[in-house]
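See below for the structure under consideration.
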Amino acid sequence: MKPNSPISSAVRMRSLLALTLVYPFLFQSRADAQSMTLKETKGVEISGQWRGQTGLVTKGPDGKVIFLYGEVQPSVICSPLQVCDIELQGGEIVRDVLVGDTVRWKVEPATSGAPGGQAIHLIVKPTEPGLVTSMVVTTSRRTYHIQLKSHPTQYMARSGFDYPEDVSTRMADINARIEASTIPGAGIPADQLNFGYSISGSARFRPTRVYTDGTKTYIQFPESVAAREAPVLFVVSGGQNRIVNYRMKSNMMIVDFAVDKAILISGVGWSQEKITIKRGG
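Numbers -33 to -1, 1 to 248, taken from mature numbering (1 follows the signal peptide of the UniProt record, and there is no 0), label the letters of the sequence shown in order.
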C-alpha cells in the first residue's frame, strides 16, 4: 500500500478519529481521580492532621526512642548503610508487614528474649536518602501505622513504644500496693498509726486489733461480727463508764476521738461478755 494511497489516508483518518474519541475520556478520568468531594477533602485533612502532629517522644534504655502508641503516626528516620530497629511489645505476634515502597525499603524481622515473651524487631533499611513511605504492621494485639523517612546521615538506631494500657496497668498495681499497705478504715499508711493498745478479756467479739491515727480510734472486729451484733462501747473517764457515739463500717467500729481506755460489753447478767481496751498496755 502506497503512503499517499486512498486506503492509507482512510486508515489515518480512522486512527485520528479514534484518538479524538478516546483522549477526552483519558483526561476526564485523570481529572476525576485528582478531584475530591467535600467529604473526601475533610477525610484527607483529618488524616493529615494525625500524621503531621508532634507527639510525645521520650528516651528509653540504651538510647531507644519511645513513641506513645496511638497518639500520632510515628515517624522513624533511617539512613542508607545503617539499620533501624523498631521493637514491638513482648509477646506480640506479627501478622503482616505492608510497606508502600517495597523496592527501595527493606524490612526484615528479628526476635529477642526468651520463648513465651519474645519481642519482635523490625529491621528497616532504605537503599537511598530522601525517601518517604508508610508501613502498616498488624499484630495479635494492635495495628501500627508508621512513617519511614531516609536521611543521608541521621537515623534512629532503636525505637519502640509505650502503651496506654500498660500505663493503666502499672497505675492499678501501684494503687493495689498502696491499698494493701493501708489499714482498713483509717485510709492512711500503717506506719502513721499507733497500735499501742492492749486487749484483755475473752468474748466472741474480741477485737482483732485497735489503733488510732491521733484523731479517731479504730476497733476492728472479726469478720463474723456484723453491725447488729456489735457490742456497746463504754469509755472509761474519771473512773466512770460513759456511753459514746460511734459508727460501724463493716466490721470496723470508728470513734471520733483518741480513746485511752474503753470497755466493750454485750449481754446482761450471767451471759454478759466484756472486753477491756487500754492504750499503752
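Heads up, the beta-carbon is just placed ideally off N, CA and C, and yes, glycines get one too.
Task: Min CB distance E12 to chain D below 9 Å - done: Looking for chain D here will not work: only one protein chain is present.
Task: Outcome for L55 when other beta-carbon atoms lying within 10 angstroms are tallied against a minimum of 16 - done: One-based indexing of the sequence shown puts residue 55 at position 88. With 16 or more Cβ atoms within 10 Å of its Cβ, L55 is classed as buried.
- [ ] Keeping to the same chain, check which residues put their C-beta closer than 6 Å to that of V99; ignore five residues upstream and five downstream.
- [x] Locating residue 99 in the sequence shown gives position 132, counting from the first residue. Counting only Cβ-Cβ distances below 6 Å, and skipping sequence neighbours, we find K116.
TODO: Compare the Cα-Cα distances from T106 to each of G181, V64 and W72 and report the closest residue.
DONE: Counting from 1 along the sequence shown, the entry for residue 106 is found at position 139. Selected option, being the one with the closest Cα: V64.
Open item on the list: Going by DSSP in three states, R176 sits in which element: helix, strand or coil?
Closed with: Position 209 of the sequence shown holds residue 176. Three-state result, R176: strand.
TODO: Could you tell me which uninterrupted alpha helix (DSSP H) segments, each at least 4 residues in length, are contained entirely in the segment 3 to 31, listed from first to last along the chain?
DONE: 5 to 19
Open item on the list: Which of the three DSSP states is assigned to D129 in this structure?
Closed with: Counting from one through the sequence shown, the residue named residue 129 turns up at place 162. Three-state DSSP puts D129 in a strand.
Open item on the list: Can you give me the C-alpha to C-alpha distance between D133 and P93, rounded to a whole angstrom?
Closed with: Here residue 133 is taken as the residue at index 166 of the sequence shown, counted from 1. Here residue 93 is taken as the residue at index 126 of the sequence shown, counted from 1. Distance between the alpha carbons of D133 and P93: 32 Å.
Open item on the list: For the beta strand (DSSP E) containing F224, name the first residue and the last one.
Closed with: By 1-based counting over the sequence shown, the position of residue 224 is 257. Premise fails: F224 is in no beta strand (DSSP E) and is neither H nor E.
Open item on the list: Using C-beta distances below 8 Å, list every residue in its chain close to L(-8), excluding the 5 sequence neighbours before and after it, in chain order.
Closed with: Within the sequence shown, residue -8 is the residue found at index 26, counting from 1. Confidence at L(-8) is low in this model, with a pLDDT of 47, below 50, so its placement is unreliable and no value can be given for it.
Open item on the list: What would DSSP say about N142, mapped onto helix, strand or coil?
Closed with: On the sequence shown, residue 142 is found 175 positions in, with the first residue counted as 1. In this structure, N142 counts as helix in the three-state DSSP scheme.
- [ ] Give the DSSP-derived three-state secondary structure of L(-8) in the structure shown.
- [x] Your numbering for residue -8 matches position 26 in the sequence shown. In this prediction, L(-8) scores a pLDDT of 47, lower than 50, which makes its location untrustworthy; the coordinate-derived value is nonetheless stated afterwards. In the structure shown, L(-8) sits in a helix (DSSP, three-state: H, G or I).
TODO: Measure the alpha-carbon distance for T243 versus I141 and round it to whole angstroms.
DONE: In the sequence shown, counting from the first residue as 1, residue 243 sits at position 276. In the sequence shown, counting from the first residue as 1, residue 141 sits at position 174. Their backbone Cα atoms lie some 38 Å apart in a straight line.
Task: Limits of the unbroken beta strand (DSSP E) element including D52 - done: Along the sequence shown, read from residue 1 onward, the residue named residue 52 stands at position 85. Looking at the DSSP string, the run of the beta strand (DSSP E) that includes D52 is C51 to E54.
Open item on the list: If I follow the unbroken beta strand (DSSP E) through R214, where does it start and stop?
Closed with: Position 247 of the sequence shown, counting from 1, holds the residue named residue 214. Its beta strand (DSSP E) spans residues R214 to K216.
Task: Classification of M123 by the beta-carbon crowding that lies within 10 angstroms, buried from 16 upward - done: One-based indexing of the sequence shown puts residue 123 at position 156. The residue in question, M123, is buried, as its Cβ has 16 or more Cβ neighbours within 10 Å.
- [ ] Under 8 Å Cβ to Cβ from G67, same chain only, skipping five residues before and after it: list those, please.
- [x] Taking the sequence shown and counting its residues from 1, the one referred to as residue 67 is at position 100. Around G67: T100, S101 and M102.
- [ ] Using the Cα positions of S245 and Y164, report the straight-line distance between them to the nearest angstrom.
- [x] Here residue 245 refers to the residue found at position 278 when the sequence shown is read from its first residue. Here residue 164 refers to the residue found at position 197 when the sequence shown is read from its first residue. The question names Ser, but residue 245 is Lys in the sequence shown. Cα to Cα, the separation comes out at about 5 Å.
- [ ] With a threshold of 16 other CB atoms inside 10 Å of the CB of A229, please say whether the residue is buried or exposed.
- [x] Position 262 of the sequence shown, counting from 1, holds the residue named residue 229. By the 10 Å Cβ count, A229 comes out buried.
- [ ] Give, in chain order, every unbroken run of the beta strand (DSSP E) that is at least 3 residues long and sits entirely within the segment 93 to 119.
- [x] 99 to 106 and 110 to 117
TODO: Kindly indicate the opening and closing residues of the beta strand (DSSP E) around N208.
DONE: For this step, residue 208 is matched to residue 241 along the sequence shown. Note, N208: beta strand (DSSP E), Q207 to I210.
TODO: With DSSP collapsed to three states, give me the class of S238.
DONE: To locate residue 238, count along the sequence shown from 1; it is residue 271. S238: helix per DSSP, three-state reduction.
- [ ] For R171, count neighbouring Cβ atoms within 10 angstroms of its own Cβ and tell me buried if that reaches 16, exposed if not.
- [x] Against the sequence shown, residue 171 aligns to sequence position 204. Result: exposed.
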